[in-house]
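Offset between the sequence shown (1-based) and the numbering used here: plus 118. Glycine is no exception: its CB is placed at the ideal position from the N, C-alpha and C atoms. Since the model is a prediction, treat every value here as computed from it, not as a measurement.
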Amino acid sequence: YLTKFGTPTQPEDLYQHHYLSHHNINRKAWKCTQGEQEVLLDLNSRFTTNDTQALLNSVLDSNGIAMLPKYMLETELKRGKLQAVLTDWQLPTFSIYAMYPSRDKLPLAVRKLIDFLLESFEGKAW
Numbered sequence: 119y120l121t122k123f124g125t126p127t128q129p130e131d132l133y134q135h136h137y138l139s140h141h142n143i144n145r146k147a148w149k150c151t152q153g154e155q156e157v158l159l160d161l162n163s164r165f166t167t168n169d170t171q172a173l174l175n176s177v178l179d180s181n182g183i184a185m186l187p188k189y190m191l192e193t194e195l196k197r198g199k200l201q202a203v204l205t206d207w208q209l210p211t212f213s214i215y216a217m218y219p220s221r222d223k224l225p226l227a228v229r230k231l232i233d234f235l236l237e238s239f240e241g242k243a244w
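Set out below in structure tokens:
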């Protein structure tokens, strides 16, 4: 895809590209930051799905550019099948929530799951 359409060097360049998005994290506007500089992007998605694997497959099929979790991309980046773009820009982050009825009498299995999730995600940019 990048060979055909070029590599974006500024967030605004994404307007000239095929943007592919995840339905559950699609926002009206993306705020990209680099130091004190902020750029708001209101991108129209060429393809939207609620399946991150389908989104990754679409990117691997050279259909466009998408924002995906790093853990999904590591292998393909190392193989050279994907190339990270705009790496000097900070993109929005997302939160993960564990919901449970109460802290009182919390089942041990639930407590262990919460502890595992905290340990697994702490300090990592997904």
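- Could you tell me if Ile183 is buried or exposed, where buried requires 16 or more neighbouring beta carbons within 10 angstroms of its beta carbon? Buried is the call here.
- Query: What is the residue span of the beta strand (DSSP E) that Thr127 lies within?
  - Reply: In this chain, Thr127 is not harboured by any beta strand (DSSP E), its DSSP state being neither H nor E.
- Out of Ala216, Ser238, Thr121, point me to the one whose CA is closest to Val245's CA. Because the chain spans 119 through 244 in this model, residue 245 falls outside it and cannot be assessed.
- Task: Note down, in chain order, each residue of its chain lying with its Cβ closer than 8 angstroms to the Cβ of Pro219, except the 5 sequence neighbours on either side.
- Result: Excluding positions up to five away in sequence, the list is empty.
- Message: In the DSSP output, which residue or residues are listed as bridge partners for Tyr137?
- Response: Checking the DSSP bridge columns, you'll see Tyr137 partnered with Ser163, Ile183.
- Whose CA, out of Leu186, Met185, Asp131, lies closest to the CA of Val157? Checking every option, the nearest Cα to that of Val157 belongs to Asp131.
- Message: DSSP three-state label for Glu194, please.
- Response: Note: Glu194 maps to helix in three-state DSSP.
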